[in-house]
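Undergrad: This is the structure I want to talk about, given as structure tokens.
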Amino acid sequence: MDIKDIIKPENLVYKRTPLLTSNTLSYCPGCGHGTTHRVIMEVIEEMGIQADTIGIAPVGCSVLAYDFMDIDMVQAAHGRAPAVATGIKRTWPEKFVFSYQGDGDLAAIGTSETIHCCNRGESIVIIFINNGIYGMTGGQMAPTTLVGMKSSTSPYGRDVAFMGNPLKITELVAQLPGTCFVTRQAVHTPAAVRKTKKAVRMAFENQKANKGLSFIEVVSNCNSGWKMTPVAANKWMEENMFPFYPLGDMKVDGRIVSKELLSLAGVKTE
Amino acid sequence: MAKMKGAIVVDMERCKGCELCVGSCPTDVIRMAGEVNGKGYHFAYMEYPDNCTGCTNCAVVCPDGVITVYRVKED
Ligand SMILES: Cc1ncc(C[n+]2csc(CCOP(=O)(O)OP(=O)(O)O)c2C)c(N)n1
Ligand code: SF4
Ligand code: SF4
Ligand code: SF4
Ligand SMILES: [Mg+2]
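Written out as structure tokens, the structure is:
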């Protein structure tokens, strides 16, 4: 069969969602920010809630998310997206509200806003892009930087004695009564992207049903900050990030499902 | 069983040459062009179009969303 006979409108099976604007993404080649933007926009398109969704962009590489997502958006001061989201959701409870934040934004300068928003159980969705680094500002160490991981401010690797421990903030918020759904996903393979999309759909459905806060961590690459090619960065992520930040659901419908968290709480799982 | 025949269209000018689509293709269809686009990136293209089943893997994983996929049943 000739390619010309395949490439016809009636045979179309996948195209870029129109909820992504025609602007070229400002992200480095291979960066998971772009993939995650697309997944969120596909879910919003499928749910038909484009006109009723308000996103909060962070400070970080995704500061310009409002240029790429064709929905109403606000850009918040560094780390304050959950507070801004809280205000918008409480003013307009019928709207769908989500924040989109990096690890420096959500787990460093914004830790307080994150924890209290999750603990209050605001009816919003938080999307958390964890690339273990401050991507935008030149690859400085973040709270999420792995032990031994090199960054521009830990050039010999993160040394716990001097620099402290990495923070698993997702495990932390899973234990707060205000969170309904807490999961850790990735977007480096087609299967991972499809799983993330299911999680994002569940998060927005939870918001529709007023079930509480949904929190989705996406473990992602920062190939520029890690100083690797995109392909090598994804491999490095699988080998180094996933053992410390294991993928999977931690809490579903308000019940903790992660074995690690249950055993921390003294619940026997086997 | 009817075989699935697929084809992809890469928006050459928007491809950033990250190569993530290459490894995501189960039938090894995609390669990077020797030439570069206006931004200086080697772009992805179908080197072995006959192998494409239209599974959408490459489009799903593309961070820039620049791949469109078509599929048809071949009798
Ligand atoms: C109040 C304030 N402090 C510091 C900065 C500098 N700054 C900009 S982005 C950033 C960190 C971003 O890292 P992250 O949230 O992980 O996003 P990424 O770029 O990695 O996606 C910092 C510290 C700022 N813009 N505003
Ligand atoms: S610096 Fe890192 S996080 Fe920022 S766009 Fe580039 S790869 Fe992505
Ligand atoms: S649609 Fe599937 S088979 Fe075709 S090029 Fe993309 S990944 Fe390969
Ligand atoms: S995944 Fe997308 S941007 Fe990357 S090389 Fe393939 S077509 Fe280009
Ligand atoms: Mg970061």
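Residue numbers (this note's numbering), protein chains in the order written: chain A, 1 to 270; chain B, 1001 to 1075.
No residue lacks a Cβ here, since even glycine has one placed at the ideal position from N, Cα and C.
Please report the distance separating the alpha-carbon of CYS31 of chain A from that of GLU1035 of chain B.
TA: Along the first sequence, read from residue 1 onward, the residue named residue 31 of chain A stands at position 31. Along the second sequence, read from residue 1 onward, the residue named residue 1035 of chain B stands at position 35. Approximately 22 Å between the Cα atoms of the pair.
Undergrad: Mind checking ARG1071 of chain B: buried by the 16 CB within 10 Å criterion, or exposed?
TA: By 1-based counting over the second sequence, the position of residue 1071 of chain B is 71. When all chains shown are included, ARG1071 of chain B counts as buried.
Undergrad: Give me, in chain order, the residues of the same chain whose beta-carbon lies closer than 7 Å to that of ASN1057 of chain B; leave out the 5 immediate sequence neighbours on both sides.
TA: Numbered from 1 along the second sequence, position 57 holds the residue referred to as residue 1057 of chain B. These residues qualify, in order along the chain: SER1024, CYS1025 and PRO1026.
Undergrad: My assumption, with CB atoms under 8 Å, is that GLU122 of chain A sits in contact with ALA85 of chain A. Please give the rounded CB distance.
TA: Here residue 122 of chain A refers to the residue found at position 122 of the first sequence. Here residue 85 of chain A refers to the residue found at position 85 of the first sequence. Rounded, the Cβ-Cβ distance is 7 Å, consistent with contact.
Undergrad: So, does the stretch 98-111 of chain A touch the stretch 64-82 of chain A, judging by three or more C-beta pairs under 8 Å?
TA: Touching, yes.
Undergrad: Is ALA265 of chain A helix, strand or coil by DSSP?
TA: The residue given as residue 265 of chain A occupies position 265 in the first sequence. Coil at ALA265 of chain A, not helix or strand.
Undergrad: Could you tell me the distance, in whole angstroms, from the CA atom of GLY266 of chain A to the CA atom of ASN119 of chain A?
TA: In the first sequence, residue 266 of chain A corresponds to position 266, counting from 1. In the first sequence, residue 119 of chain A corresponds to position 119, counting from 1. About 22 Å.
Undergrad: Just to confirm before moving on: does the CB-CB distance between SER224 of chain A and CYS28 of chain A stay below 9 Å?
TA: As a first step, residue 224 of chain A must be located in the first sequence, where it is residue number 224. As a first step, residue 28 of chain A must be located in the first sequence, where it is residue number 28. Yes, the pair counts as a contact, with Cβ atoms nearer than the cut-off.
Undergrad: By the 10 Å Cβ neighbour count, where 16 or more other Cβ atoms means buried, how is ARG184 of chain A classified, buried or exposed?
TA: Position 184 of the first sequence, counted from the first residue, corresponds to residue 184 of chain A. By the neighbour-count rule (16 or more Cβ atoms within 10 Å), ARG184 of chain A is buried.
Undergrad: Show which residues of chain A have a CB atom less than 7 Å away from the CB atom of ALA1059 of chain B.
TA: As a working note, residue 1059 of chain B is residue 59 in the second sequence. Going along chain A in sequence order, the residues near ALA1059 of chain B (Cβ under 7 Å) are TYR14.
Undergrad: How many whole angstroms separate the CB atoms of ILE126 of chain A and ALA1007 of chain B, which I take to be in contact at a CB cut-off of 8 Å?
TA: Looking up residue 126 of chain A in the first sequence gives position 126. Looking up residue 1007 of chain B in the second sequence gives position 7. Not confirmed; about 39 Å, so no contact.
Undergrad: Please report the straight-line C-alpha distance between GLY139 of chain A and PRO155 of chain A, rounded to a whole angstrom.
TA: Along the first sequence, one-based indexing puts residue 139 of chain A at 139. Along the first sequence, one-based indexing puts residue 155 of chain A at 155. If you draw a straight line from the Cα of GLY139 of chain A to the Cα of PRO155 of chain A, it comes to about 10 Å.
Undergrad: Heavy atom of ligand 2 less than 8 Å from the Cβ of MET33 of chain A, yes or no?
TA: Here the question's residue 33 of chain A lines up with position 33 in the first sequence. Contrary to the premise, residue 33 of chain A reads as His rather than Met in this sequence. Yes, Cβ of HIS33 of chain A sits closer than 8 Å to a heavy atom of ligand 2.
Undergrad: At a cut-off of 8 Å, is ILE133 of chain A close to ligand 2 when judged by its beta-carbon and the heavy atoms of the ligand?
TA: Stepping through the first sequence from its first residue, residue 133 of chain A is reached at position 133. Yes - ligand 2 has a heavy atom lying nearer than 8 Å to the Cβ of ILE133 of chain A.
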